[in-house]
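Working notes, beginning with the structure itself.
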Amino acid sequence: MELIAIPLVGGPAQVMVHDLPAVAGPHGVLGVDVAARTIDGRHWTVIQLLLDDDHPLFDRSLLDAPVVAEVRTHGHADCGEPVALALEPFDHDAFRRQLAHEHDGGESTTRGVLVRTGGELPPPYVRLAFLPIELAETAGADLLVRRTTVGELVAGVEAAYTRGEITADDRRALLTTIEQRHPTPAA
């Protein structure tokens with residue numbers, strides 16, 4: 015389910031739902047903030063999904079359900095299909111707390127970026143996605159934020175691997191990232 019979509023200009027942006035003509039989707043999505051960050055010498059496009067958890071009809075599953083940020087082109091002239099330039103699941107509060115716990119304990123098992131502001135973790139109503147693409151490279155593309163499922167994420171990784179778009183190491187890393195953010199319940 016699409017939560018929000020905006021055109022990108024290759025620079026920072028902040029779009030609130032009330033600025034958009036019409037947004038269909040769950041109650042409580044406020045908007046997105048798009049920014050560039052350099053972490054350990056690598057350029058990232060950081061997407062913040064802003065949620066209104068005080069809204070009386072807020073869909074509480076948005077706080078931790080699988081949600082992805084995707085930067086895609088409008089499509090190639092030969093096939094017209096949009097092409098994904100980058101796709102990344104958003105983090106969530108429980109995942110950030112796990113990262114913080116490991117960091118504070120000197121461990122490094124969980125894959126992800128730990129963000130703190132003034133020593134504090136972001137509030138649960140802010141979800142972050144770090145896309146491995148320079149912000150300038152997003153000019154003319156669209157940002158799509160959508161709810162997904164773990165099954166869809168895994169199927170996407172497997173399809174990309176089958177098509178030769180990612181290596182075996184990339185596949186393993188992506189599947190680990192999905193499992194760490196959205197663990198399969200124990201049987």
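In this note's numbering, the protein residues as written are 15 to 201.
The C-beta atom is built at its ideal place from N, Cα and C for all residues, glycine as well.
Counterpart residues of residue i in DSSP-defined beta bridges
{"i": "Met30", "result": "Gly45"}
{"i": "Asp156", "result": "Pro21, Arg86"}
{"i": "His57", "result": "Thr52"}
{"i": "Phe144", "result": "Val60"}
{"i": "Thr191", "result": "Beta-bridge pairing links Thr191 to no other residue."}
{"i": "Leu101", "result": "Glu84"}
{"i": "Glu134", "result": "Thr131"}
{"i": "Glu16", "result": "Arg160"}
Alpha-carbon spacing of residue i relative to residue j, whole angstroms
{"i": "Val37", "j": "Arg177", "result": "Because the pLDDT of Val37 is 49, which lies under 50, any placement of that residue in the model is unreliable, and the number read from its coordinates should be weighed accordingly. Rounded to whole angstroms, Val37 to Arg177 spans 34 angstroms at the Cα level."}
{"i": "Val171", "j": "Ala27", "result": "28 angstroms"}
{"i": "Ala182", "j": "Asp68", "result": "43 angstroms"}
{"i": "Val164", "j": "Asp118", "result": "28 angstroms"}
{"i": "Gly42", "j": "Arg110", "result": "21 angstroms"}
{"i": "Ala174", "j": "Met15", "result": "21 angstroms"}
{"i": "Val140", "j": "Glu179", "result": "31 angstroms"}
{"i": "Leu17", "j": "Ala114", "result": "28 angstroms"}
Cβ neighbours of residue i in the same chain (closer than 6 angstroms, five flanking residues each side left out)
{"i": "Gly45", "result": "Val29, Met30, Val31, Leu64"}
C-beta contact flag for residue i and residue j at 7 angstroms
{"i": "His196", "j": "Pro21", "result": "no"}
{"i": "Ala155", "j": "Thr87", "result": "yes"}
{"i": "Ile147", "j": "Leu188", "result": "no"}
{"i": "Leu167", "j": "Ala19", "result": "no"}
{"i": "Gln62", "j": "Asp78", "result": "no"}
{"i": "Asp184", "j": "Pro138", "result": "no"}
8 angstroms CB neighbourhood of residue i in its chain, flanking five on each side removed
{"i": "Ser122", "result": "Glu116"}
{"i": "Arg56", "result": "Pro146"}
Proximal residues to residue i (C-beta, below 7 angstroms), its chain only, five neighbours per side dropped
{"i": "Gly25", "result": "Leu149"}
{"i": "Glu102", "result": "Val82, Ala83, Ala143, Phe144, Leu145"}
{"i": "Ile53", "result": "Val127"}
Given 8 angstroms, three or more beta-carbon pairs between the segment 119-138 and the segment 151-168: Because the criterion of three Cβ pairs below 8 angstroms is not met, the segment 119-138 and the segment 151-168 do not touch.
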